Amino acid sequence: MKIGDIARAAGVTTSRIRFYERRGIIAPAARGANGYRDYPADLIAILRFIEQAQGLGFSLKEIASVEVAGGAHPISCDEAIRLLSRKLDSVAALIAEAEGRKRRIEALIAELRERRQDAA
Numbered sequence: 000m001k002i003g004d005i006a007r008a009a010g011v012t013t014s015r016i017r018f019y020e021r022r023g024i025i026a027p028a029a030r031g032a033n034g035y036r037d038y039p040a041d042l043i044a045i046l047r048f049i050e051q052a053q054g055l056g057f058s059l060k061e062i063a064s065v066e067v068a069g070g071a072h073p074i075s076c077d078e079a080i081r082l083l084s085r086k087l088d089s090v091a092a093l094i095a096e097a098e099g100r101k102r103r104i105e106a107l108i109a110e111l112r113e114r115r116q117d118a119a
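The sequence shown lines up with residues 0 to 119 when you count with numbering that gives the first Met the number 0.
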């Protein structure tokens with residue numbers, strides 16, 4: 000398939016596909032005798048997987064470390080559960096850290112307001 004066809008089917012831009020190739024996220028396309036890139040139809044599912052993973056907070060480095068297969072499901076359910084569980088733990092830790100930071104900021108605001116009141 001040509002790059003434009005793959006891009007439309009996967010809902011990404013052609014420049015994004017080229018970027019993924021340069022970064023080693025996806026395998027380089029074979030080139031036909033005419034010099035055009037020729038992509039396998041399986042790439043559509045892989046590109047959708049990459050986009051979904053990025054939307055869930057996975058970095059390209061994390062995505063590149065996953066061994067993907069061809070077909071409609073680029074990774075197994077077991078692998079997806081393992082990766083998602085690890086990401087969920089990471090997100091929970093970030094939320095806890097942010098909540099702690101929020102409490103410290105609120106306490107500092109309250110303290111500063113109290114000092115301002117005492118000084119007035």
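All residues carry an ideal CB built from backbone N, CA and C; glycine is no exception. Computed from a predicted structure; not experimentally measured.
Cβ neighbour criterion (16 or more within 10 Å) applied to alanine 28: buried
Nearest-angstrom Cα separation, counted from isoleucine 104 out to glutamate 96: 12 Å
Burial state of tyrosine 35 (16 or more Cβ within 10 Å): exposed
Straight-line Cα distance separating glutamine 116 from lysine 86: 45 Å
Exposed unless 16 or more other CB atoms sit within 10 angstroms - verdict on alanine 6: buried
Three-state secondary structure (DSSP) of alanine 29: strand
Range of the contiguous alpha helix (DSSP H) that encloses glycine 54: 42 to 54
Buried or exposed by the 16-neighbour rule on C-beta atoms within 10 Å, applied to leucine 55: exposed
Contact under 8 Å by Cβ, glutamate 50 with glycine 10: yes
Beta carbon of leucine 59 nearer than 8 Å to that of isoleucine 16: no
Residues near isoleucine 131 in its chain [Cβ-Cβ closer than 8 Å; skip 5 each side]: Any property of residue 131 remains undetermined from this structure, which presents the chain solely from 0 to 119.
Neighbour-count burial assignment, proline 73, 16 or more Cβ in a 10 Å radius: buried
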